[in-house]
Amino acid sequence: MKSALGALLGCALSGACFATNLNIVDYGATPDNYNDDDAIAINAAINAARDGDVVIIPEGTFHIREMINLKSNVDLKGDGYAKSGIAALYEGEDADDLVIKGRNVTNINISGLRLKSNYSGGVRALISITHSSKITISDSSFHRFKKHGIYFNHTRDGNVKNSKFQDATDLSGGGHGYGVVYTNGCEGGRVDNSYFYGPNIRHGVVIQGDPQYGPSHGIVVKGNYFKETTQDAIDLHGSGEYNNQIMYNTIEGDPAKGGKGQGIGIGENAHKASGSGNVIRNNVIRNTLYGIRVMQGSPGAMIKNNEIYNCKEHGIYIENGIGTEIRGNIIEGCQHWGVFVKDGNNTIIRKGKDENNEDTINQINGNGLSNSTTGFGGIRVKAGNTGVYVLDNDLCENDNYGGVNLSFEGQGTVKNNLCQ
Ligand SMILES: [Ca+2]
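This note's numbering numbers the first residue of the sequence shown as 5 and each following residue consecutively.
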């Protein structure tokens with residue numbers, strides 16, 4: 005009796021004891037029948053739901069002719085992306101060409117759904133969230149989007165996990181073909197354990213901002229898999245985005261093509277610099293154009309304990325960065341330089357620490373495979389760069405293909421490297 009009373013009090017305080025499942029079929033939705041508009045039923049169920057209720061999308065494909073509008077504290081739950089689908093019977097890039105829309109909403113879970121347009125042109129975005137907070141999207145799959153699979157705009161704690169992205173329908177510039185984007189002052193949020201299948205994806209995850217709400221920050225991208233995206237798999241897009249963590253991701257390019265972009269981009273030529281405090285660590289990157297590229301004077305990036313293999317040009321390319329730290333990375337089999345510091349005052353290339361506080365050294369071996377007459381190799385620091393440290397690195401076996409292990413033309417400190 006005492007415990008029952010406790011349970012009752014507990015659920016009364018949380019509101020959970022009154023939670024109800026609302027099945028969209030009870031509101032008129034018809035699975036696998038595209039002659040009606042199931043959005044009417046889904047929106048009716050959402051409107052009928054109270055705080056803490058769950059709107060159930062059962063097995064089957066539900067066809068919609070208008071978008072679904074989220075409500076705070078009401079979840080959408082499917083039976084898994086292989087079973088429960090919502091298919092838009094429209095396409096296009098206008099503001100209302102969305103499948104699920106959230107504006108000024110909070111505390112919503114969306115799970116277990118396959119979202120797509122039935123039209124080959126795709127929709128603007130499959131899920132679009134603006135001025136909202138605490139939105140988690142999980143165990144879902146995303147198909148046929150022109151601009152964005154999931155769009156987070158000025159949103160705090162927008163989360164994506166265990167989901168799959170493919171079949172973007174537009175890979176041109178101007179913000180097309182992104183799996184997940186955080187823009188306009190997003191704060192916090194995570195992308196975990198999700199798959200981004202190219203080649204019909206331009207960028208897997210983009211973190212950016214705008215002048216009105218500022219850069220997005222504090223976002224974690226962890227443990228995801230990116231296959232053959234046409235440009236940077238993960239892109240800090242050059243709007244001052246800061247304090248983001250990109251870690252434990254696997255990125256694979258197409259070895260036949262080498263990719264147009266790089267694995268991970270910090271700053272963007274079409275835009276400006278990223279902000280400070282971005283950490284790129286423990287990622288594995290194979291067969292991309294570059295492994296990691298720093299552009300537009302982006303300051304203070306930490307690049308540590310990554311593994312970069314078989315890139316078509318440079319493993320880590322400091323095209324234009326300030327105070328980048330490169331510690332404990334393994335870079336092997338790149339065609340040009342393992343690390344190329346073109347424009348990067350105060351770049352630090354030296355040992356770091358792993359999570360067990362053990363030393364990790366940069367192992368930059370077997371690069372410079374290109375048959376260029378100028379030669380490539382391990383590390384090159386161009387003339388004009390000052391305050392550069394190259395310490396305690398393993399630079400052996402980059403001179404096997406006509407190049408050198410180290411070409412240091414800048415000013416700074418160079419010592420205690422193997423095979424320098
Ligand atoms: Ca139907």
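Glycine is no exception: its CB is placed at the ideal position from the N, C-alpha and C atoms.
For Ile-44, the secondary structure class from DSSP, reduced to helix, strand or coil, is helix. Put simply, of Asn-397, Asp-396, Ser-411 the residue whose alpha carbon is nearest the alpha carbon of Asp-403 is Ser-411.
Listed in chain order, the non-local C-beta contacts of His-180 below 8 Å within the same chain comprise Lys-150, Lys-151, Ala-172, Asp-174, Arg-206, local neighbours out to five positions each way being set aside. Going by DSSP, Lys-168 is part of the beta strand (DSSP E) stretching over 168 to 172.
Under a 10 Å Cβ-count criterion, Thr-390 is classified as exposed, with fewer than 16 other Cβ atoms of the shown protein chains found around its own Cβ.
For the pair of segments examined, the segment 207 to 220 was found not to touch the segment 284 to 296: the number of CB pairs separated by less than 8 Å stays below three. With a cutoff of 8 Å on beta-carbon distance, Gly-64 and Pro-35 are scored as near each other. The straight-line gap separating the alpha-carbon atoms of Ile-270 and Ile-330 is approximately 14 Å. Taking all protein chains in view, the Cβ of Lys-75 is crowded by 16 or more other Cβ atoms within 10 Å, so the residue is classified as buried. Between Gly-116 and the set Val-127, Phe-156, Lys-168, Arg-69, the nearest pair of CA atoms involves Lys-168.
In terms of Cβ geometry, Lys-308 and Gly-332 form a close pair [threshold 8 Å].
Segment contact: the segment 366 to 385 against the segment 338 to 353, three or more CB-CB distances shorter than 8 Å; contact assigned. Counting other Cβ atoms within 10 Å of its Cβ, Glu-232 reaches 16 or more and is therefore classed as buried. The shortest CA-to-CA distance from Gln-212 to any of Asn-188, Lys-226, Asp-196 is the one to Asn-188.
Using a C-beta cut-off of 8 Å, the segment 382 to 400 makes no contact with the segment 295 to 313, since fewer than three inter-stretch Cβ pairs fall below that distance. Beta-bridge annotation (DSSP): Gln-367 is paired with Ile-334, Asp-398. Burial is judged here by how many other beta carbons sit within 10 angstroms of a residue's own beta carbon; Ser-124 has fewer than 16 and is exposed.
Apart from the 5 residues on each side of it in sequence, Gly-372 sits with its Cβ closer than 6 Å to the Cβ of Phe-380, Gly-381, Asn-402, Tyr-405, Gly-407 in its chain, given in chain order. Judged by DSSP secondary structure, Gly-295 falls within the beta strand (DSSP E) whose first and last residues are 294 to 298. The DSSP-derived three-state label of Ile-205 is coil. Here the alpha carbon of Val-103 sits roughly 15 Å from the alpha carbon of Gly-82. The continuous stretches of beta strand (DSSP E) do not include Ser-374, and DSSP gives it neither H nor E. A straight-line Cα-Cα distance of about 21 Å links Asn-113 and Gly-222. As DSSP reads the structure, Leu-80 sits in a beta bridge with Val-59, Ile-114. In this structure, the C-beta of Tyr-38 approaches ligand 1 to less than 7 Å from one of its heavy atoms. Runs of beta strand (DSSP E) with 3 or more residues, each lying fully within the segment 212 to 286, are found at 224 to 226, 229 to 231, 238 to 240, 249 to 251, 254 to 256, 266 to 270, 283 to 285, listed in chain order. The beta carbons of Ile-326 and Tyr-393 sit about 14 Å from each other, so the pair does not count as a contact at 8 Å. DSSP places Asn-27 inside the beta strand (DSSP E), whose first and last residues are 25 to 27. DSSP, reduced to helix, strand and coil, places Tyr-31 within a helical segment of the structure shown. For the 8 Å CB-CB criterion, Asn-166 and Ser-142 form a contact.
Here the alpha carbon of Arg-194 sits roughly 45 Å from the alpha carbon of Thr-377. Going by C-alpha positions, Met-251 is about 27 Å away from Thr-110.
CA-to-CA, the gap between Val-225 and Lys-276 works out to about 21 Å. Phe-22 sits in a helix when the DSSP states are folded into three classes.
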